[in-house]
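Student: Residues in the sequence shown are numbered consecutively from 13, following the numbering used here. Glycine included, C-beta positions come from ideal geometry on N, C-alpha and C. Below are the structure tokens for one structure; questions will follow.
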Amino acid sequence: MLSADDKLAEIKRLYYQTTAKTIHTDLARALDLLKSMNGEDERERAAVYMDGLAQMRADWNRRGKRQTQNVKRNTTN
């Protein structure tokens, strides 16, 4: 069983090492770790990394949709 510090360290590692290809699995793993934390104080320490992961996912999803739309436009012209 991981300690609260170990869970935070894992969330932090996921934050710094995630990529556009791994963001969905990394965010899911981070959410599982966050849910397993006992107190609000523990969760607050992880909040900045969770917010960052969610923001990266949103940015990469938008970028991916834009690229898909550009490909569709180029193939129909």
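Can you tell me the Cα-Cα spacing of M13 and R55, whole angstroms?
Tutor: In the sequence shown, the residue the question calls residue 13 occupies position 1. In the sequence shown, the residue the question calls residue 55 occupies position 43. Each residue's alpha carbon lies about 17 Å from the other.
Student: Taking the alpha helix (DSSP H) that S48 belongs to, which residues open and close that run?
Tutor: Residue 48 sits at position 36 when you count from the first residue of the sequence shown. S48 -> alpha helix (DSSP H) spans I35 to S48.
Student: Buried or exposed: which applies to Q70, given that a residue is buried once 16 or more other Cβ atoms fall within 10 Å of its Cβ?
Tutor: What you label residue 70 is simply residue 58 of the sequence shown in a count that begins at 1. Here residue 70 is Ala; the residue named in the question, Gln, does not match the sequence. By the 10 Å Cβ count, A70 comes out exposed.
Student: Over what stretch of residues does the alpha helix (DSSP H) that includes A21 continue unbroken?
Tutor: If you number the sequence shown from 1, residue 21 lands on position 9. That run of the alpha helix (DSSP H) goes A16 to Q29.
Student: Among T34, R74, R41 and W72, which has the Cα closest to the Cα of A58?
Tutor: Translated into positions along the sequence shown, residue 58 becomes position 46. Nearest of T34, R74, R41 and W72 to A58, Cα basis: R41.
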